[in-house]
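>
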Amino acid sequence: MSFEWPWQYNFPPFFTLQPNVDTRQKQLAAWCSLVLSYCRHHKLYTVDVMEAQESPVFNNKKIESNLEWLDKNKSRCLVMWRRPEEWGKLIYQWVSKNGMNNSVFTLYELSNGDDTDGEEFHGLEDWMLQRSLQALQTEGKAEIISMDDG
Numbered sequence: 001m002s003f004e005w006p007w008q009y010n011f012p013p014f015f016t017l018q019p020n021v022d023t024r025q026k027q028l029a030a031w032c033s034l035v036l037s038y039c040r041h042h043k044l045y046t047v048d049v050m051e052a053q054e055s056p057v058f059n060n061k062k063i064e065s066n067l068e069w070l071d072k073n074k075s076r077c078l079v080m081w082r083r084p085e086e087w088g089k090l091i092y093q094w095v096s097k098n099g100m101n102n103s104v105f106t107l108y109e110l111s112n113g114d115d116t117d118g119e120e121f122h123g124l125e126d127w128m129l130q131r132s133l134q135a136l137q138t139e140g141k142a143e144i145i146s147m148d149d150g
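According to the UniProt record's numbering, the sequence shown is numbered sequentially starting from 1.
In structure tokens, the structure reads:
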């Protein structure tokens with residue numbers, strides 16, 4: 001399934017910061033929605049600035065417009081199209097649905113194992129997986145055992 005671009009994507013002023021405050025707020029909200037939807041569709045959790053400059057989400061070759069970066073000091077950003085608590089809930093639902101409560105899993109098994117193939121959290125990056133499991137641990141629904149726990 002291919003990504004469906006919003007109508008603004010092919011509208012050149014969308015790529016230029018608007019001077020009117022109300023228009024700019026709507027523009028930034030539309031950009032936020034576009035980036036989150038694009039990242040969700042492609043299961044992206046981090047964005048590398050250098051790579052993003054050539055990404056279709058920030059560089060529309062059809063209308064020859066691209067987003068200009070203002071902050072040259074940053075090289076990556078987190079993209080959270082789902083909060084850690086929401087990922088944790090999905091993981092917990094999967095564990096419960098499959099009768100695997102009180103089982104031990106490695107991080108790899110949860111995010112890349114054959115059993116989770118097809119689940120929304122399959123392929124989840126380690127940093128987000130760990131945050132999700134920490135949220136479950138706070139709720140008393142999981143326990144994180146690290147290798148140095150002995």
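Positions of the beta carbon are idealized from the N, C-alpha and C atoms, including for glycine.
This structure is a prediction, so every number in the text was calculated from the model and none was measured.
#1: Check whether chain C comes within 7 angstroms of THR23, counting only Cβ atoms and requiring the distance to be less than that.
#2: Tell me which residues share the same chain as HIS41 and place their Cβ nearer than 7 angstroms to its Cβ, disregarding the 5 neighbours each side in the sequence.
#3: I'd like to know if the stretch 29 to 39 and the stretch 109 to 120 are in contact, where contact means that at least 3 CB-CB pairs between them fall below 8 angstroms.
#4: Can you check which of these residues, MET1, ASP148, TYR38 and LEU133, is closest to TRP81 by C-alpha distance?
#5: Which residues mark the beginning and the end of the beta strand (DSSP E) in which VAL47 is found?
#6: State whether the stretch 128 to 145 contacts the stretch 83 to 91, with contact taken as three or more CB pairs (one from each stretch) at a distance under 8 angstroms.
#7: With respect to the alpha helix (DSSP H) encompassing TRP127, which residues constitute its N-terminal and C-terminal limits?
#8: Go ahead and pull the three-state DSSP assignment for ASN10.
With the given structure in hand:
#1: Protein chains in the displayed structure number just one, and chain C is not present.
#2: Your numbering for residue 41 matches position 41 in the sequence shown. PHE3.
#3: no
#4: Here residue 81 is taken as the residue at index 81 of the sequence shown, counted from 1. That would be TYR38, whose Cα lies nearest to the Cα of TRP81.
#5: Counting from one through the sequence shown, the residue named residue 47 turns up at place 47. From DSSP, the beta strand (DSSP E) with VAL47 extends over 46 to 48.
#6: yes
#7: Taking the sequence shown and counting its residues from 1, one reaches residue 127 at position 127. Taken as a continuous stretch (DSSP letters only), the alpha helix (DSSP H) holding TRP127 covers 126 to 138.
#8: Translated into positions along the sequence shown, residue 10 becomes position 10. Correct three-state label for ASN10: helix.
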